[in-house]
Amino acid sequence: MYNQYNHISELNLTVSSRDEQTIIEDVYFTAPLKITKPFFKNNWLLIMLISVSAGLMSGDAQLLNLHIKKDSQAELTSQSYEKIHYMNEGFAHRKTNIQIDENACFLYHPLPILPFKNSNFKNEVTVHLKDETSRFVYSEVLACGRAARNEIFAYTKYQSLSKIFMQDKLIYLDNSIYIPSQINMSGFLMYEKYTHLLNFIYIGNVDEGIFPFVYDIFNNSIDINGGISKIENGICIKILSTNSENLLKVENLILNYIKNLI
0 MYNQYNHISE LNLTVSSRDE QTIIEDVYFT APLKITKPFF KNNWLLIMLI SVSAGLMSGD
60 AQLLNLHIKK DSQAELTSQS YEKIHYMNEG FAHRKTNIQI DENACFLYHP LPILPFKNSN
120 FKNEVTVHLK DETSRFVYSE VLACGRAARN EIFAYTKYQS LSKIFMQDKL IYLDNSIYIP
180 SQINMSGFLM YEKYTHLLNF IYIGNVDEGI FPFVYDIFNN SIDINGGISK IENGICIKIL
240 STNSENLLKV ENLILNYIKN LI
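Using numbering that gives the first Met the number 0, you'd call the opening residue of the sequence shown number 0 and step up by one each time.
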């Protein structure tokens, strides 16, 4: 991983099932990353990731290694929006490696990413699913920037690379690269009149009822537009809006629906 300061911030987390309850088996982290004390809700182990810093700066590198062992159910979110600060040069980088064992489920939905003017961020997520009983949700919200300061698509570059494997076979790949200086982000087939994007991936048992459920959300919500597609062993949903709050509400509705499937 690129890091001009020769220091990589790490989180290594392993959860497992004991007596039909998910527990943290092992955890290790280095500054500024840490996790709060987990709690349980409806048989899910809820974990919150904290970054004790002002945000990501040029040269920052983070490495997250997450192992969800057999029969466990865990949910990971973050405490606050991920601020990507102004950069004269260089970029910030986060790499997340996730291993999900048989009959295990992991929901990963950090709060939105907020790229400041002239920021440059690369976000990599690689997931290895043991088999078809392994279930996974990844939800990512990307803001246009600090819209209140008129920083709309003023960042230098944003890259999100997601790879999902099942039994070592690649079943999903998304490599989104946005360079506003080279692309009209508000143009046709891009964001158009919108400014915020939700990318939601679910790998697991798909209930056909989720399609009308999602379209009902689209039809009954103000200021959002999107679509849902069936992918191998799951679904992909992409939604546009003009603020993060709308997308977080929709994300929560879809998450709750999927939890009822699991």
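By construction, the Cβ of each residue, glycine as well, lies at the ideal position given by its N, Cα and C atoms.
9 Å Cβ cutoff met for residue i and residue j
| i | j | result |
| --- | --- | --- |
| Ala91 | Leu55 | yes |
| Ile75 | Leu48 | Correcting the residue identity first, residue 75 is Leu in this sequence and not Ile. It is a contact, given that the beta carbons lie within the stated cut-off. |
| Ile112 | Leu62 | no |
| Val140 | Leu188 | no |
| Gln72 | Phe38 | no |
| Ile227 | Tyr256 | no |
| Phe120 | Ile163 | no |
| Ile234 | Gly225 | no |
| Asp206 | Gln166 | no |
| Tyr137 | Ile230 | no |
| Tyr107 | Leu65 | yes |
| Asp173 | Ser185 | no |
| Thr194 | Ser159 | no |
| Glu88 | Ser57 | yes |
Supposed contact pair residue j and residue i - C-beta distance, whole angstroms, cut 8 Å
| i | j | result |
| --- | --- | --- |
| Tyr157 | Pro114 | 6 Å |
| Lys94 | Thr13 | Wrong, their Cβ atoms sit about 17 Å apart, outside the cutoff. |
| Ile261 | Val249 | With a Cβ gap of about 19 Å, Ile261 and Val249 do not count as contacting. |
| Ser118 | Tyr85 | 6 Å |
| Ser243 | Ala142 | 6 Å |
| Leu110 | Ser77 | 5 Å |
| Glu150 | Lys116 | 5 Å |
| Ile22 | Ile34 | Not quite, the Cβ-Cβ distance comes to about 13 Å (not below 8 Å), so this is no contact. |
Residues that residue i bridges to, as DSSP identifies them
| i | result |
| --- | --- |
| Ser52 | Paired residue(s): none; Ser52 is not in a bridge. |
| Ile170 | Ile170 pairs with nothing; no bridge assigned. |
| Phe39 | Leu44 |
| Thr13 | Asp25 and His66 |
| Glu139 | Asn198 |
| Met189 | Per DSSP, none; premise fails for Met189. |
- Please determine if the segment 172-179 and the segment 204-214 are in contact, where contact requires at least 3 C-beta pairs separated by less than 8 Å. no
- Counting pairs of beta carbons, one from the segment 125-139 and one from the segment 198-206, are three or more of them closer than 8 Å? yes
- Looking at C-beta atoms only, is the number of pairs between the segment 220-237 and the segment 139-156 that lie closer than 8 Å three or more? no
- Message: Which complete beta strand (DSSP E) runs does the segment 201-230 hold, if anything under 3 residues is left out?
- Response: 223-230
- Which runs of the beta strand (DSSP E) spanning at least 3 residues fall entirely within the segment 89-137, listed in chain order? 91-99, 104-107, 112-114 and 119-128
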